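Counting in the numbering used here, the sequence shown runs from 6 upward without gaps.
All C-beta atoms, glycine included, are put in the ideal place defined by N, C-alpha and C.
This structure is a prediction, so every number in the text was calculated from the model and none was measured.
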Amino acid sequence: MSWMYGLLGVQGVSNVIGVIELATAALIALRPLSPKASFAGSVAAVVTFLLTVSFLFSTPGAVHWNYGFPVLGDAGQFLIKDLVLLGASLWTAAEAHRAAQGPRPWLTFFVTIPHVP
6 MSWMYGLLGV QGVSNVIGVI ELATAALIAL RPLSPKASFA GSVAAVVTFL LTVSFLFSTP
66 GAVHWNYGFP VLGDAGQFLI KDLVLLGASL WTAAEAHRAA QGPRPWLTFF VTIPHVP
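Following this line, the structure appears as structure tokens:
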């Protein structure tokens with residue numbers, strides 16, 4: 006993401022990231038009105054959190070080796086929360102997708118079959 010700093014500067018990058026995060030949150034919150042919009046927001050959140058989780062592997066100081074074991078540094082401790090948020094965004098994406106699909110065809114099939122004694 007460092008290429009953005011040369012293009013927009015620190016404040017510009019911060020503004021862009023903030024707008025993306027607010028738009029993503031607004032789309033997820035639209036779930037009662039539009040499950041499809043909520044699905045799009047959830048997918049955007051998944052992409053965002055996959056990107057930030059990747060920083061665990063590329064950020065200097067995110068992981069330290071103590072006694073032969075990896076230990077999270079300050080940056081790693083800050084970024085690890087994004088694993089939980091990634092899981093939550095996957096969950097909301099699946100739920101919104103399910104809601105956008107309507108009743109499942111196989112369920113409708115079994116519900117509408119008349120019972121023959």
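The segment 17-24 contacting the segment 63-81, beta-carbon criterion three pairs below 8 Å: no
Identity of the residues DSSP links to residue 70 by a beta bridge: If you number the sequence shown from 1, residue 70 lands on position 65. Paired residue(s): 75.
Residue 87 beta carbon less than 8 Å from that of residue 58: Translated into the one-based positions of the sequence shown, residue 58 becomes position 53. Translated into the one-based positions of the sequence shown, residue 87 becomes position 82. Yes, Cβ-Cβ distance for residue 58 and residue 87 is below 8 Å.
Separation of residue 82 from residue 12, as counted between CA atoms: Counting from one through the sequence shown, the residue named residue 12 turns up at place 7. Counting from one through the sequence shown, the residue named residue 82 turns up at place 77. In a straight line, the C-alpha of residue 12 is about 29 Å away from that of residue 82.
CB of residue 47 within 8 Å of CB of residue 98, strictly: Your numbering for residue 47 matches position 42 in the sequence shown. Your numbering for residue 98 matches position 93 in the sequence shown. For residue 47 and residue 98, yes; Cβs fall inside 8 Å.
CA-to-CA distance, residue 66 to residue 80, given in whole angstroms: Within the sequence shown, numbered from 1, the residue matching residue 80 stands at position 75. Within the sequence shown, numbered from 1, the residue matching residue 66 stands at position 61. If I take the Cα positions, the gap works out to 7 Å.
Presumed contact (8 Å Cβ cut-off) between residue 101 and residue 44, rounded CB distance: For this step, residue 101 is matched to residue 96 along the sequence shown. For this step, residue 44 is matched to residue 39 along the sequence shown. Between residue 44 and residue 101 the Cβ distance is about 4 Å, and since that is below 8 Å, they are a contact.
Residue 91 versus 63, 64, 71, 56, residue with shortest Cα-Cα distance: To locate residue 91, count along the sequence shown from 1; it is residue 86. Measuring from the Cα of residue 91, the nearest candidate turns out to be 56.
Distance, residue 36 Cα to residue 50 Cα: Taking the first residue of the sequence shown as 1, we reach residue 50 at position 45. Taking the first residue of the sequence shown as 1, we reach residue 36 at position 31. Their Cα atoms are separated by approximately 14 Å.
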